[in-house]
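Following: one structure in structure tokens, then a few remarks.
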Amino acid sequence: MFDAQHLAARSANFRPLTPLDLLERTVEVHGTRPAVAWHDRIWDYTEFRQIIARMAHWLKAQGVGRGDVVSVMLTNRPEMLAAHFAVPALGAVLNALNTRLAGEEIAYILDHAGSRLVLCEARTAPALEGVATPVTMVCERPGDGTGLDLFEGEAPALDWFGNVASETQAIALNYTSGTTGRPKGVVCTHRGAYLNAVGNVMMLGFTSEMRYLWTLPMFHCNGWCHTWGVTAAGGLHVCLEQVDPVPIFELIGRHQVSHMCCAPVVLYMILDHGSNAPSSRVKVMTGGAAPTPTLLAGMEERGFDLVHGYGLTESYGPATLNDPGADAPGTVDERAAMLARQGYRHNTTAGIAIVDETGQEVPYDGQSEGEIVLRSNTVMAGYYRDPEATEAAFAGGFLHTGDVAVRHPDGQIEIRDRAKDVVISGGENISSIELETVLHKHPDVLLAAVVAAPHEKWGETPWAFVEPRKDSALTEADLDGFCRQHLSGFKRPRRFVFGELPKTATGKIQKFLLRETAKRMVTQ
Ligand code: ADP
Numbered sequence: 060m061f062d063a064q065h066l067a068a069r070s071a072n073f074r075p076l077t078p079l080d081l082l083e084r085t086v087e088v089h090g091t092r093p094a095v096a097w098h099d100r101i102w103d104y105t106e107f108r109q110i111i112a113r114m115a116h117w118l119k120a121q122g123v124g125r126g127d128v129v130s131v132m133l134t135n136r137p138e139m140l141a142a143h144f145a146v147p148a149l150g151a152v153l154n155a156l157n158t159r160l161a162g163e164e165i166a167y168i169l170d171h172a173g174s175r176l177v178l179c180e181a182r183t184a185p186a187l188e189g190v191a192t193p194v195t196m197v198c199e200r201p202g203d204g205t206g207l208d209l210f211e212g213e214a215p216a217l218d219w220f221g222n223v224a225s226e227t228q229a230i231a232l233n234y235t236s237g238t239t240g241r242p243k244g245v246v247c248t249h250r251g252a253y254l255n256a257v258g259n260v261m262m263l264g265f266t267s268e269m270r271y272l273w274t275l276p277m278f279h280c281n282g283w284c285h286t287w288g289v290t291a292a293g294g295l296h297v298c299l300e301q302v303d304p305v306p307i308f309e310l311i312g313r314h315q316v317s318h319m320c321c322a323p324v325v326l327y328m329i330l331d332h333g334s335n336a337p338s339s340r341v342k343v344m345t346g347g348a349a350p351t352p353t354l355l356a357g358m359e360e361r362g363f364d365l366v367h368g369y370g371l372t373e374s375y376g377p378a379t380l381n382d383p384g385a386d387a388p389g390t391v392d393e394r395a396a397m398l399a400r401q402g403y404r405h406n407t408t409a410g411i412a413i414v415d416e417t418g419q420e421v422p423y424d425g426q427s428e429g430e431i432v433l434r435s436n437t438v439m440a441g442y443y444r445d446p447e448a449t450e451a452a453f454a455g456g457f458l459h460t461g462d463v464a465v466r467h468p469d470g471q472i473e474i475r476d477r478a479k480d481v482v483i484s485g486g487e488n489i490s491s492i493e494l495e496t497v498l499h500k501h502p503d504v505l506l507a508a509v510v511a512a513p514h515e516k517w518g519e520t521p522w523a524f525v526e527p528r529k530d531s532a533l534t535e536a537d538l539d540g541f542c543r544q545h546l547s548g549f550k551r552p553r554r555f556v557f558g559e560l561p562k563t564a565t566g567k568i569q570k571f572l573l574r575e576t577a578k579r580m581v582t583q
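Below is the structure:
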């Protein structure tokens, strides 16, 4: 028997895993390298750490300490990034609010989270009017005197080590985006954040040479942990407050951006915009919703190398990755069809399975459907102040995702639908994603979402909500004809409704609103 008695963990060989350690190493090694770019300023890593130290010092002066929750309602700007280090440095928990939330939802989250204070900026301040939690506004620009200015002045000491007593301590409290109802507070730990950040560095090839454009909101799963991951690599964070194709292309050119991440809806915007392809290729990780092959092929032609990830707030962002590499074989369309799959597990995801109702894994045949379940060091600690929902999510020893998928013979996962988005018509399951994939092939369709509408005879029928491209003369009859060519009869959408689609701030189409609209239209 191996004698391990004297080998117990001790301070010399066991330190809590925390992204704060990643920051310190980067400051030591890359202190003079550019860390954060915002408007016409660039701060190096030493200066960025000073911003963090000033924020931590200010928070402490407000009485924030271990176990407190600090909310932020900030766009992708330096203070938002700094909060990802300053708040945990005090042993406090970061609650990043979706910048598009409305009054009632904000009040619910602040109350549920028990936030000590909220940091906001001019553009998000109106949404916080009247909340019970104390609100502080940061300045518009360094030195303009409009609010809390963390860019100038003394840099106090930042001594966080004693505040991270355990790696399982909470680092972030992220409320789900509410695609499916009341937001739930997902608790993330220092350990999980460290692991997913390091995993992202490995999987996406982050280096100190990288220049990362913040097209993904940092409030969405802490920017899929890239707030910590890009910092771990010592790369440059290029801040972007508003997602719009003009500044996106401008910043890509100005900073020679090498990486970015965003939901497919942002890619549709980029594709629809007339700008020239960037001068150097940009690696883009997309996810959060299913990208269609048409989108992926279009982006490749525009000079973007796509990588596709899948995950949830509950899995710190990415739990799978599909990165076929620039030299993947096949035509553009064949490659895009492969890339539309969600891929293999992320290197920090310990286990992923697709199971049927009895908990048995489905065969690797690309056809049998089941629910994706996860087991990983990068799965949340649980839902805040909600033991029931936590137990339900973890039933059977896995995290249940509610996503319906198949497993291909090569082990890749492909999502068919969210369980609640499947349309069940006359007893047949119809995948909304399959129909959306077909609709997106039509050259006049910018965005399409398929939902179930109640139907007397069939129970449900699929309806398509469509956002046509600018200046197109698309009609219902055109789309119906197109679907007749590409889909079997029972799957064809029964109605086409044109107009702008409702989206969450993370770019997900709010299908529950479309379902409500469809229901209303049926009963009218
Ligand atoms: P919410 O559940 O409120 O939308 P999340 O951001 O946690 O907030 O959403 C996670 C869900 O998004 C997943 O369960 C899945 O349904 C969907 N999703 C994420 N990435 C992908 C992807 N690459 N393809 C298809 N669906 C995805």
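Quick note: the sequence shown uses my numbering, first residue 60, plus one each step. Glycine included, every Cβ here is placed at the ideal spot set by N, Cα and C. Since we're looking at a predicted model, the values are computed, not measured.
In this structure, the CA atom of V86 is about 47 Å from the CA atom of V504.
In terms of Cα proximity to V302, the closest of Y327, N233, L572 and S491 is Y327. The closest CA to that of A478, considering only W287, H459 and A67, is found on H459. In this structure, G485 lies away from V324, with their beta-carbon atoms at least 8 Å apart. When G202, L76, W97 and I411 are compared, the shortest CA-CA separation from V465 is found for I411.
Just so you know, the alpha carbons of A440 and I472 end up roughly 25 Å apart.
Between D424 and P468, the C-beta gap is smaller than 8 Å, which places the two residues in contact. Following the DSSP letters along the chain, one finds S174 inside the beta strand (DSSP E) bounded by residues S174 to C179. A residue is called buried when at least 16 other Cβ atoms come within 10 angstroms of its Cβ; A172 meets this threshold and is buried. By DSSP's assignment, P377 forms a beta bridge with G370. In this structure, the CA atom of G162 is about 11 Å from the CA atom of L169.
A direct Cα-to-Cα measurement between A186 and A229 gives close to 27 Å.
Cβ contact annotation for G333 (same chain, cutoff 6 Å, sequence separation greater than five): none. Here the alpha carbons of C280 and Y253 stand approximately 13 Å from one another.
Taking 4 residues as the minimum length, the alpha helix (DSSP H) runs contained wholly in the region 227-311 are 249-263, 280-283 and 285-292, in order along the chain.
Following the DSSP letters along the chain, one finds F555 inside the beta strand (DSSP E) bounded by residues R554 to F557. The region 471-506 contains, as complete alpha helix (DSSP H) runs of 4+ residues, the segments 491-498 (chain order).
Between the alpha carbons of K562 and Q569 lies a distance of about 5 Å.
In its chain, beyond the 5 residues on either side, E180, A181, T205 and G206 have a beta carbon closer than 8 Å to the beta carbon of E199. Where R69 is concerned, there is no enclosing alpha helix (DSSP H), because DSSP gives it neither an H nor an E. In the DSSP annotation of this structure, I568 is not part of any alpha helix (DSSP H), being labelled neither H nor E. Per DSSP, the continuous alpha helix (DSSP H) segment holding H116 begins and ends at Y104 to A120.
With a cutoff of 8 Å on beta-carbon distance, G221 and N259 are scored as not near each other.
The closest CA to that of P446, considering only V245, Y403, I489 and S374, is found on V245.
For the 8 Å CB-CB criterion, V525 and L546 do not form a contact. The beta carbon of A409 lies closer than 6 Å to those of R434 and S435 in the same chain, with the five residues before and after it left out. Secondary structure at M358: helix, using DSSP grouped into helix, strand and coil. If you look at L209, you'll find it isn't in any alpha helix (DSSP H); DSSP assigns it neither H nor E.
Three or more Cβ pairs closer than 8 Å define a contact, and the region 113-127 falls short of that threshold against the region 92-104.
The ligand ADP has no heavy atom closer than 7 Å to the beta-carbon of A184. Shortest Cα-Cα distance from L153 to any of L176, T134, V128 and N135 involves V128. Around the beta carbon of Q401, 16 or more other beta carbons lie within 10 angstroms, which makes this residue buried. With 16 or more other Cβ atoms inside 10 Å of its own Cβ, K243 counts as buried. Exclusion of the five residues before and after K342 leaves H318 and D364 as the residues of its chain whose Cβ lies within less than 6 Å of its Cβ. Linking A387 to S338 through their CA atoms gives a straight-line distance of about 22 Å.
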